[in-house]
Amino acid sequence: MKKDKTVNYGKFFTAPVIISLAVLIIIIGSVIFADLIAPYDPNALDMKNMLKDPSSLHWLGTDKVGRDIFSRLLFGGRTSLLSALGVVGISVIIGVPVGLLSGYYGGKLDTLLMRICDIIVSFPALLLAFVFVAAFGRSLTNAILALGIVYIPMLAKLTRSLMLIEKNKTYVEAAHSIGYSNRRIIFLEIFPNCISTILVQLTLDIGYAVLDMAAMSFLGLGVQPPTSDWGFMLEENRAFLTTHPLTAIVPGLVIILIVVALNIFTDGVQAYLDPSQRALPSVTKFKRKLGITRD
Amino acid sequence: MSKYIGRKLLQFLIIMVITSVIIFIMVRLSKTDPLTAIVGGKQTSAETLEQLKIKFGLDKTFVQQYFSWIGGLFRGELGMSFKYQISINELFADRFPITIGLVLLSTIIALVIAIPSGVLAAVKKNRAADRIISIISVFLAGCPPFFMSLLFILFIARYLPSYQFTGGYSNFREYFLRILAPSIALAFTMIALACRITRASMIEQLNAQYTQTAVSKGVTERQLVWGHNFRNAVIPVLSVVSVQIGGMIAGSVLVENVFSLSGLGTLLIDSIKTSDYVVVQDITMLMVLIFMVISTLVDILYALIDPRIRAN
Amino acid sequence: MSISGLVYAVRDITLDIRKGEILGIVGESGCGKSMTAKSILRLHDEKKMEYGGSILLDGEKDILKMSKKELREMRGRDISMIFQDPITTLNPLKTIGKQILEMYQLHTDISGEEAQAKVLELLDLVGIVPAQDRFRQYPFELSGGQLQRVCIAMALACRPKLLIADEPTTALDVTMQAQVLDLLKRLQRKYNSSVLLITHNFGVVAEICDRIAVMYAGQIVESGDVREIFYHPCHPYTKDLIASIPKTGQHGTQLTTIPGMPPRLNQDIVGCPYAPRCTKVCDRCRTEAPPLKNAGETHEYLCFLEPDNSREVSA
Numbered sequence: 071m072k073k074d075k076t077v078n079y080g081k082f083f084t085a086p087v088i089i090s091l092a093v094l095i096i097i098i099g100s101v102i103f104a105d106l107i108a109p110y111d112p113n114a115l116d117m118k119n120m121l122k123d124p125s126s127l128h129w130l131g132t133d134k135v136g137r138d139i140f141s142r143l144l145f146g147g148r149t150s151l152l153s154a155l156g157v158v159g160i161s162v163i164i165g166v167p168v169g170l171l172s173g174y175y176g177g178k179l180d181t182l183l184m185r186i187c188d189i190i191v192s193f194p195a196l197l198l199a200f201v202f203v204a205a206f207g208r209s210l211t212n213a214i215l216a217l218g219i220v221y222i223p224m225l226a227k228l229t230r231s232l233m234l235i236e237k238n239k240t241y242v243e244a245a246h247s248i249g250y251s252n253r254r255i256i257f258l259e260i261f262p263n264c265i266s267t268i269l270v271q272l273t274l275d276i277g278y279a280v281l282d283m284a285a286m287s288f289l290g291l292g293v294q295p296p297t298s299d300w301g302f303m304l305e306e307n308r309a310f311l312t313t314h315p316l317t318a319i320v321p322g323l324v325i326i327l328i329v330v331a332l333n334i335f336t337d338g339v340q341a342y343l344d345p346s347q348r349a350l351p352s353v354t355k356f357k358r359k360l361g362i363t364r365d
Numbered sequence: 240m241s242k243y244i245g246r247k248l249l250q251f252l253i254i255m256v257i258t259s260v261i262i263f264i265m266v267r268l269s270k271t272d273p274l275t276a277i278v279g280g281k282q283t284s285a286e287t288l289e290q291l292k293i294k295f296g297l298d299k300t301f302v303q304q305y306f307s308w309i310g311g312l313f314r315g316e317l318g319m320s321f322k323y324q325i326s327i328n329e330l331f332a333d334r335f336p337i338t339i340g341l342v343l344l345s346t347i348i349a350l351v352i353a354i355p356s357g358v359l360a361a362v363k364k365n366r367a368a369d370r371i372i373s374i375i376s377v378f379l380a381g382c383p384p385f386f387m388s389l390l391f392i393l394f395i396a397r398y399l400p401s402y403q404f405t406g407g408y409s410n411f412r413e414y415f416l417r418i419l420a421p422s423i424a425l426a427f428t429m430i431a432l433a434c435r436i437t438r439a440s441m442i443e444q445l446n447a448q449y450t451q452t453a454v455s456k457g458v459t460e461r462q463l464v465w466g467h468n469f470r471n472a473v474i475p476v477l478s479v480v481s482v483q484i485g486g487m488i489a490g491s492v493l494v495e496n497v498f499s500l501s502g503l504g505t506l507l508i509d510s511i512k513t514s515d516y517v518v519v520q521d522i523t524m525l526m527v528l529i530f531m532v533i534s535t536l537v538d539i540l541y542a543l544i545d546p547r548i549r550a551n
Numbered sequence: 018m019s020i021s022g023l024v025y026a027v028r029d030i031t032l033d034i035r036k037g038e039i040l041g042i043v044g045e046s047g048c049g050k051s052m053t054a055k056s057i058l059r060l061h062d063e064k065k066m067e068y069g070g071s072i073l074l075d076g077e078k079d080i081l082k083m084s085k086k087e088l089r090e091m092r093g094r095d096i097s098m099i100f101q102d103p104i105t106t107l108n109p110l111k112t113i114g115k116q117i118l119e120m121y122q123l124h125t126d127i128s129g130e131e132a133q134a135k136v137l138e139l140l141d142l143v144g145i146v147p148a149q150d151r152f153r154q155y156p157f158e159l160s161g162g163q164l165q166r167v168c169i170a171m172a173l174a175c176r177p178k179l180l181i182a183d184e185p186t187t188a189l190d191v192t193m194q195a196q197v198l199d200l201l202k203r204l205q206r207k208y209n210s211s212v213l214l215i216t217h218n219f220g221v222v223a224e225i226c227d228r229i230a231v232m233y234a235g236q237i238v239e240s241g242d243v244r245e246i247f248y249h250p251c252h253p254y255t256k257d258l259i260a261s262i263p264k265t266g267q268h269g270t271q272l273t274t275i276p277g278m279p280p281r282l283n284q285d286i287v288g289c290p291y292a293p294r295c296t297k298v299c300d301r302c303r304t305e306a307p308p309l310k311n312a313g314e315t316h317e318y319l320c321f322l323e324p325d326n327s328r329e330v331s332a
């Protein structure tokens, strides 16, 4: 077993994974330490320096009211990433238990929970979030809640399908025969075996949540001024698209960068975790290269 | 088969009823009083307010209002807009074709590009063509449609200044030109997702035992891929596409917004911001309806493709 | 027709299949039987595998030198194949009638109606009746045994010169096995095709084969007429295989097994590959490759032991 691990370890850190990981660390790190890095107050108006092109003073220029775009990008990223985490957090807190219980107990409970999921899914993706925000008022919290609800069914169905596979395995039978309670079997015996797959999905989901939150803010249904996030920055600056394209393009590019990096990273993790995706010939080739042969 | 279709239609009806209730309740939960939305800040006498209440049916109970709304939908009467104070049918007349056109055209564009390239990537697995297609699709999957739209507008402004993409339309050519650029911008996400799932699904089929049988029978590569594998591979592709059409319906809201197209999406956001409830209800209902009709059609298509689904 | 080839996983194989005969290849799983069989149709991914040697059709045309087009025309028409698991062998979304019909569309110019009539006739012949109704059924509506009959019908549709059957009965119920083998033999006689039957089951071979080739670690270790091999096996591996056939009417006796595992295909082999498991092993076996010896006109084997002193333990 140990030998296999070393081989896979080598396979996990492939060039795409290393690059995407580096991009993620840089973005997340600079967003966390925004206070230290940002050269300006993101909300400080400076009417003398409106819509300036990039310079040594303002690396990415300034917007229509003279705010430093680089600083706004860092602080906006904080809002974007935190709200994406919030969205995914809500979907995990509700979706995972729903999936586990639904899959484990089956029967009427399963039917009921899955029908509720079907109802949520019958709304075209973001539309439910739009209506939710229309009902409860436009605010960042409501947008996060709304998207969180939209994300629940996907995660619940994934968890349920994992549960359906796991619950018929021998170790569950063994746990039953020892007399463990259902609760213990679900959360301490089965759930740990589902975690890796769920985590992979969550990493992907964070990327999609960044996209969707940006969409909400872009439409004015997410963050409300003076707070800003990447989506809202796009909206603020789109009027100057043709004259000062950088103001609108930069936040868009950052969104793409983080989503693509998350996608590539999860692809790497998936290939690492799922043996069926591993290309066996290259593993043996790798073994030969490392001089590892079976005894 | 007819039993299967019957079951799917029944599911469709039940979901439509439940979603209509949810939409109605959610929209009416809003803190803004509809009367305020109707009056729009003007000084109004108590008498006029009473009259307005009756005119918009707000004097009736909650349940009565729901049934008169649903009843109206069945008769094809969408109700009155609070803000514009005209029939919503009239509001929709010009806007509906824009939205539905966007969704359809971008789906067609996406499928025409994604499916052949997904198949190509699968057939040329791990070769240059596959790598290039896979890398492009990873990038496209991360591109938000509203940002792609902005880039499109920038591109058009710089290089195609004669291409007019906003405003109304008076003939089909103009209509097509209005929706073409936004449709392409909207198609990217589906291109990425459909391409990836097509590739994965085709690879699975290419490795299936029946593929070897077909080769041992002496079929050509083309006969194998399109005559044997594709049909087997298409079901997961269809399910991703049908879900993604939902994403496009919501995405059309964003894209219309950027391109300043007057479709249902711009109207929806507008109405949310001005608490024009009935319009919000109608548009949401209409979008759910379109999405559910497509999902149900795709479910029926599964059965037409796979005899095993027909038999169950 | 003669086949001789050299593959990394399959070493120095020389096989001759004569017209109208059934040749059985026997051996444990993983010894290269299926590899050999698929190589004849060049079914391996040629980006990952390389062929060497020659595979001659009718003693003249080398399959390994055929163009893509020639290969395609040869497959199914001159040589066709039946696979192990009939349930996954057929395309799940096409009716069985259409799948057999495809053979005629690919390799003959006959009209659609004629072809359909032929398919119905074939279905009737292999006992899938009523053929009219079965023609329109999908694979999931038939049992494993029935599907294997369909596969046989499909493989024989164009009356190939050679039919390769790769473990055709392994996935079936015991009761179905005999019927399918029977059918195979009957049709082979009727069409005078040659059959290459691959199996790990000596009983199957004894039932229908004319000649046997015993394979071990990618080599043919012994070959000859079925009676010769059965009654006078010369190679210790063949003897062990025959000894491990469960015998009826011997309750209570322990089943004989061969201890150990065959070597993996990528393993380097010095000396005789069977040496680590052989009961008659001597020092030479571990260092020197054993010679090919004759034990009769058609009977060959690969061992240091002389035919005479190895005949002492005949079954």
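Sequence order for the protein chains is E, A and D.
With positions in the first sequence counted from 1, the corresponding number in the working numbering is that position plus 70.
With positions in the second sequence counted from 1, the corresponding number in the working numbering is that position plus 239.
With positions in the third sequence counted from 1, the corresponding number in the working numbering is that position plus 17.
Glycine residues also receive a C-beta, built at the ideal position from the N, C-alpha and C atoms.
Start-to-end residues for the beta strand (DSSP E) that takes in residue i
i              : result
D33 (chain D)  : 30 to 33
K310 (chain D) : 309 to 311
Below-8 angstroms beta-carbon distance, residue i vs any chain D residue
i              : result
T300 (chain A) : no
S478 (chain A) : no
Q448 (chain A) : yes
Proximity test, Cβ basis, 8 angstroms: residue i and chain A
i              : result
F288 (chain E) : yes
T211 (chain E) : no
F200 (chain E) : yes
V330 (chain E) : yes
T105 (chain D) : yes
R348 (chain E) : The predicted position of R348 (chain E) is uncertain, since its pLDDT is 35 and thus under 50; a value taken from the coordinates is nonetheless stated next. For R348 (chain E), the answer is no, since every Cβ of chain A falls outside 8 angstroms of its Cβ.
R89 (chain D)  : yes
F321 (chain D) : no
I334 (chain E) : yes
I89 (chain E)  : no
L155 (chain E) : no
R41 (chain E)  : The structure shown does not extend to residue 41 (chain E), since chain E is modelled only from 71 through 365, so no value can be given for it.
K72 (chain E)  : Low confidence applies to K72 (chain E): its pLDDT is 32, below 50, so where it sits in the model is not reliable, and the reading given next is rough at best. Closer than 8 angstroms: no.
Residue i at chain E interface by Cβ criterion, 8 angstroms
i              : result
I385 (chain A) : The sequence shown places Phe at residue 385 (chain A), not Ile. Answer yes: the Cβ-Cβ gap between F385 (chain A) and chain E drops below 8 angstroms somewhere.
K247 (chain A) : no
F530 (chain A) : yes
K270 (chain A) : yes
C382 (chain A) : yes
The alpha helix (DSSP H) enclosing residue i, as first and last residue numbers
i              : result
L40 (chain D)  : From DSSP, L40 (chain D) is part of no alpha helix (DSSP H) but of the beta strand (DSSP E) over 39 to 43.
I511 (chain A) : 503 to 512
T117 (chain E) : It is Met, not Thr, that sits at residue 117 (chain E) in the sequence shown. Counting along the chain, M117 (chain E) falls outside any alpha helix (DSSP H), and DSSP gives it neither H nor E.
S259 (chain A) : 241 to 268
D257 (chain D) : 253 to 260
Beta-carbon separation (whole angstroms), residue i vs residue j, contact threshold 8 angstroms
i              : j              : result
K122 (chain E) : G131 (chain E) : 5 angstroms
L291 (chain E) : F200 (chain E) : 6 angstroms
G311 (chain A) : L317 (chain A) : 7 angstroms
Q196 (chain D) : G162 (chain D) : 7 angstroms
G235 (chain D) : C48 (chain D)  : 7 angstroms
Subject >> Length at least 4, wholly inside the stretch 297 to 345 of chain A: the alpha helix (DSSP H) runs in chain order >> reply: The stretch 297 to 345 of chain A contains these whole alpha helix (DSSP H) runs: 301 to 314.
**OP:** Kindly confirm or deny that the stretch 309 to 323 of chain A and the stretch 390 to 409 of chain A touch, where touching means at least three C-beta pairs closer than 8 angstroms.
**Re:** Short answer: they don't touch.
Subject >> Stretch-stretch touch, CB-based, cutoff 8 angstroms, three pairs: the stretch 258 to 274 of chain A with the stretch 516 to 527 of chain A >> reply: By the criterion of at least three beta-carbon pairs nearer than 8 angstroms, the stretch 258 to 274 of chain A is in contact with the stretch 516 to 527 of chain A.
**OP:** Jot down the residue ranges of each uninterrupted beta strand (DSSP E) in the stretch 209 to 243 of chain D, minimum 3 residues, whole runs only, in chain order.
**Re:** Those beta strand (DSSP E) runs which fall completely within the stretch 209 to 243 of chain D and span 3+ residues are 211 to 216, 228 to 233, 236 to 242.
Original post:
Is there contact between the stretch 300 to 309 of chain D and the stretch 239 to 250 of chain D, where contact requires at least three CB pairs shorter than 8 angstroms?
Top reply: Cβ pair count under 8 angstroms is below three, so no.
Subject >> Contained alpha helix (DSSP H) runs [length at least 4] in the stretch 46 to 92 of chain D, N- to C-terminal order >> reply: Segments of the alpha helix (DSSP H) lying fully in the stretch 46 to 92 of chain D: 50 to 57, 85 to 91.
Original post:
Can we say the stretch 178 to 187 of chain D touches the stretch 201 to 215 of chain D, given the rule of at least three CB pairs closer than 8 angstroms?
Top reply: The count of Cβ pairs closer than 8 angstroms, one atom from the stretch 178 to 187 of chain D and one from the stretch 201 to 215 of chain D, reaches three, so the stretches are in contact.
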